[in-house]
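In order, the protein sequence lines correspond to chains F and H.
Here the first sequence is numbered in our numbering, starting from 108 and rising by one per residue.
Here the second sequence is numbered in our numbering, starting from 204 and rising by one per residue.
Built from N, CA and C at the ideal position, the CB exists for glycine as well.
Have a look at the structure below, then the notes.
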Amino acid sequence: MKFAVLQFPASNCDQDSVHAFRTLGHSARLLWHKETSLGDADAVIIPGGFSYGDYLRTGAIARFSPVMQAVQKFADNGGLVLGICNGFQILCEAGMLPGALVRNRDLQFHCEQVFIKTNHFDTAFTNKIPRDKILKVPIAHGEGCYFADEATLEKLKTNNQILWQYCDAKGNLTPTANPNGSLNNIAGVCNERRNVAGLMPHPERACESILGNDDGKWILGSLIAALEEKRTAKAA
Amino acid sequence: MAQVTGKFNLYWPGRNCSLRRPLFSKILFECMKAKIIVTPKKAVVDPQGKTVQSALEHMGYRGIKAVHVGKYLEVELDGSDKEAARKALDEACHKFLSNPVIEDYKLEIE
Numbered sequence: 108m109k110f111a112v113l114q115f116p117a118s119n120c121d122q123d124s125v126h127a128f129r130t131l132g133h134s135a136r137l138l139w140h141k142e143t144s145l146g147d148a149d150a151v152i153i154p155g156g157f158s159y160g161d162y163l164r165t166g167a168i169a170r171f172s173p174v175m176q177a178v179q180k181f182a183d184n185g186g187l188v189l190g191i192c193n194g195f196q197i198l199c200e201a202g203m204l205p206g207a208l209v210r211n212r213d214l215q216f217h218c219e220q221v222f223i224k225t226n227h228f229d230t231a232f233t234n235k236i237p238r239d240k241i242l243k244v245p246i247a248h249g250e251g252c253y254f255a256d257e258a259t260l261e262k263l264k265t266n267n268q269i270l271w272q273y274c275d276a277k278g279n280l281t282p283t284a285n286p287n288g289s290l291n292n293i294a295g296v297c298n299e300r301r302n303v304a305g306l307m308p309h310p311e312r313a314c315e316s317i318l319g320n321d322d323g324k325w326i327l328g329s330l331i332a333a334l335e336e337k338r339t340a341k342a343a
Numbered sequence: 204m205a206q207v208t209g210k211f212n213l214y215w216p217g218r219n220c221s222l223r224r225p226l227f228s229k230i231l232f233e234c235m236k237a238k239i240i241v242t243p244k245k246a247v248v249d250p251q252g253k254t255v256q257s258a259l260e261h262m263g264y265r266g267i268k269a270v271h272v273g274k275y276l277e278v279e280l281d282g283s284d285k286e287a288a289r290k291a292l293d294e295a296c297h298k299f300l301s302n303p304v305i306e307d308y309k310l311e312i313e
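If you want it as structure tokens, here you go:
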């Protein structure tokens with residue numbers, strides 16, 4: 108599978124994402140934000156970082172980069188797009204995902220391992236995650252507090268769009284397990300069509316046992332499995 | 204340096220001179236200034252505002268009901284068509300300078 112990892116000025120998890128997909132045995136390449144085409148990419152990864160120095164608002168400037176128009180078109184045609192951390196913020200700013208991400212509740216930058224619970228397993232981003240598995244994933248952000256108005260939140264719930272929520276090691280959604288004050292402990296959501304998803308934690312930083320944690324593989328592995336399934340279905 | 208400035212001021216209107224404003228800002232360079240204030244929506248948690256509020260209370264300031272920390276943007280514009288500028292900036296505020304999901308904005312043009 109071919110993954111395109113976008114690269115904006117001040118993206119800093121771009122190389123990690125490329126490395127993670129290559130480690131998992133797939134091809135990944137960087138795509139500069141001024142590109143207007145995604146080439147033959149099977150899926151798009153919008154990596155973490157501080158695109159454009161987080162000026163104005165996180166992701167606010169990056170969403171107007173030429174490559175984002177191509178990503179929008181790609182998603183409109185059903186292409187799979189995953190935004191991680193700053194990538195999640197960019198997708199929210201672009202209106203490709205509902206809600207917005209604001210300053211952490213305690214105004215601190217959080218760099219730690221947290222636990223997340225997967226709620227729905229019917230998406231390209233969650234299909235391989237074992238049911239009842241609580242994933243341990245790293246976070247590193249200052250603006251990861253998810254916010255959506257009441258109507259949007261209701262819609263997210265009815266459409267099963269809340270894919271991941273922060274929880275404790277046993278899977279309880281407690282306020283203390285919520286590192287940034289996100290509404291309903293939300294760590295990641297997908298769009299209504301379920302082909303675009305974003306999450307604040309970094310699965311790409313936790314894909315090798317040598318790093319002490321490979322739970323991220325379940326998320327990236329799901330994406331790979333979904334693409335492979337798509338290809339087989341197409342060939343059949 | 205002070206001497207030079209003094210001489211200069213003999214035939215150049217000073218910063219506070221009423222002659223200077225109309226002469227330069229209105230006739231020579233037609234320009235406008237837009238002032239945009241972006242504030243977090245009431246429903247959005249504003250930890251910065253809360254922290255500033257508790258700091259003020261700590262300092263002894265009484266009767267503070269709430270503090271909201273936002274952003275102030277100043278945009279300098281060419282021309283004098285206020286209506287056209289308002290229309291363009293309103294769009295820019297909605298699309299880019301503020302995020303309607305979490306923020307409100309006020310736009311003034313002078």
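What is the rounded straight-line gap between the Cα of residue i and the Cα of residue j?
i, j, result
"lysine 274 (chain H)", "leucine 290 (chain F)", "23 Å"
"threonine 339 (chain F)", "glycine 305 (chain F)", "26 Å"
"leucine 137 (chain F)", "tyrosine 264 (chain H)", "53 Å"
"arginine 164 (chain F)", "alanine 342 (chain F)", "43 Å"
"valine 304 (chain H)", "threonine 242 (chain H)", "12 Å"
"arginine 300 (chain F)", "asparagine 193 (chain F)", "21 Å"
"aspartate 249 (chain H)", "asparagine 211 (chain F)", "9 Å"
"glutamate 200 (chain F)", "arginine 238 (chain F)", "31 Å"
"glutamate 261 (chain F)", "aspartate 284 (chain H)", "44 Å"
"leucine 208 (chain F)", "glutamate 306 (chain H)", "12 Å"
"cysteine 218 (chain F)", "asparagine 119 (chain F)", "15 Å"
"leucine 276 (chain H)", "lysine 290 (chain H)", "17 Å"
"glutamate 260 (chain H)", "glycine 288 (chain F)", "24 Å"
"arginine 129 (chain F)", "aspartate 121 (chain F)", "12 Å"
"isoleucine 293 (chain F)", "methionine 108 (chain F)", "29 Å"
"glutamate 336 (chain F)", "valine 272 (chain H)", "49 Å"
"leucine 263 (chain F)", "lysine 235 (chain F)", "22 Å"
"histidine 126 (chain F)", "glutamate 294 (chain H)", "40 Å"
Helix, strand or coil: how does DSSP classify residue i here?
i, result
"glutamine 272 (chain F)", "strand"
"alanine 294 (chain F)", "strand"
"glutamate 219 (chain F)", "strand"
"alanine 247 (chain F)", "strand"
"valine 255 (chain H)", "helix"
"isoleucine 241 (chain F)", "strand"
"lysine 298 (chain H)", "helix"
"alanine 332 (chain F)", "helix"
"phenylalanine 228 (chain F)", "coil"
"glutamate 257 (chain F)", "helix"
"tyrosine 264 (chain H)", "coil"
"isoleucine 326 (chain F)", "helix"
"leucine 204 (chain F)", "coil"
"arginine 338 (chain F)", "helix"
"proline 303 (chain H)", "coil"
"asparagine 233 (chain F)", "Per the sequence presented here, residue 233 (chain F) reads as threonine, with asparagine not at that position. Coil at threonine 233 (chain F), not helix or strand."
Is the beta carbon of residue i less than 9 Å from the beta carbon of residue j?
i, j, result
"asparagine 302 (chain F)", "valine 188 (chain F)", "yes"
"isoleucine 223 (chain F)", "glycine 295 (chain F)", "yes"
"glycine 160 (chain F)", "isoleucine 191 (chain F)", "no"
"alanine 135 (chain F)", "alanine 117 (chain F)", "no"
"valine 247 (chain H)", "phenylalanine 254 (chain F)", "yes"
"leucine 334 (chain F)", "alanine 231 (chain F)", "yes"
"glutamine 256 (chain H)", "isoleucine 267 (chain H)", "yes"
"threonine 259 (chain F)", "proline 310 (chain F)", "no"
"arginine 312 (chain F)", "aspartate 123 (chain F)", "yes"
For residue i, which residues from the same chain have a beta carbon less than 7 Å from its beta carbon, with the 5 sequence-adjacent residues on both sides left out?
i, result
"cysteine 296 (chain H)", "Ile239, Tyr308 and Leu310"
"tyrosine 162 (chain F)", "Ile168"
"valine 221 (chain F)", "Val244, Ile246, Tyr273, Pro286 and Pro308"
"glutamate 245 (chain H)", "According to the sequence provided, residue 245 (chain H) is lysine. The question's glutamate does not apply to it. There are no such residues."
"aspartate 213 (chain F)", "none"
"histidine 133 (chain F)", "Met108, Phe110 and Ile331"
Once you ignore the five residues that flank residue i on each side, which residues in its own chain have a CB closer than 8 Å to its CB?
i, result
"leucine 131 (chain F)", "Cys314, Lys324, Leu327, Gly328 and Ile331"
"glycine 282 (chain H)", "Glu233, Cys234, Met235 and Ala288"
"threonine 208 (chain H)", "Note that threonine 208 (chain H) has pLDDT 44, beneath the 50 cutoff, so the model's placement of it is unreliable and the number below is only indicative. Here the set comprises nothing."
"aspartate 147 (chain F)", "Lys109"
Using a Cβ-Cβ cutoff of less than 6 Å, which residues in the same chain neighbour residue i once the five nearest sequence positions on both sides are dropped?
i, result
"phenylalanine 115 (chain F)", "His140, Ser158 and Ala169"
"glutamate 313 (chain H)", "Lys236"
"isoleucine 153 (chain F)", "Leu113, Gly190, Gly194 and Ile197"
"glutamate 286 (chain H)", "none"
"alanine 276 (chain F)", "Phe222"
"leucine 213 (chain H)", "Residue placement at leucine 213 (chain H) is flagged as unreliable, the pLDDT there being 47, under the threshold of 50; the coordinate-derived value follows with that caveat. Answer for leucine 213 (chain H): no residue qualifies."
"serine 221 (chain H)", "In this predicted model, serine 221 (chain H) has a pLDDT of only 49, less than 50, meaning its place in the structure is not dependable enough to derive any value."
So the candidates are the options; which of them puts its Cα closest to the Cα of residue i?
i, options, result
"phenylalanine 181 (chain F)", "F:Val209, F:Val151 and F:Phe195", "F:Val151"
"serine 144 (chain F)", "F:Cys120, F:Gln179, F:Gly185 and F:Ala207", "F:Gln179"
"leucine 280 (chain H)", "H:Gln251, H:Val272 and H:Leu292", "H:Leu292"
"valine 278 (chain H)", "H:Leu300, H:Gln251 and H:Lys245", "H:Leu300"
"phenylalanine 302 (chain H)", "F:Asp256, F:Thr225, F:Asn279 and F:Gly249", "Note that residue 302 (chain H) corresponds to asparagine in the displayed sequence, not to phenylalanine. When each option's Cα is compared against that of asparagine 302 (chain H), the closest is F:Asp256."
"asparagine 266 (chain F)", "F:Asn298, F:Asp321, F:Cys252 and F:Gly249", "F:Asn298"
"threonine 233 (chain F)", "F:Asp322, F:Arg129 and F:Ala127", "F:Asp322"
"glutamate 142 (chain F)", "F:His133, F:His126, F:Asp149 and F:Gln176", "F:Gln176"
"glycine 166 (chain F)", "F:Leu270, F:Gly251 and F:Asn320", "F:Gly251"
"isoleucine 104 (chain F)", "F:His248, F:His227 and F:Gly249", "Here chain F covers residues 108 to 343 and nothing more, so residue 104 (chain F) does not appear."
Indicate, with yes or no, if the ligand MG has a heavy atom lying under 8 Å from the CB of residue i.
i, result
"alanine 340 (chain F)", "Absence of the ligand MG from the depicted structure is noted, as is the absence of any ligand whatsoever, leaving it without description."
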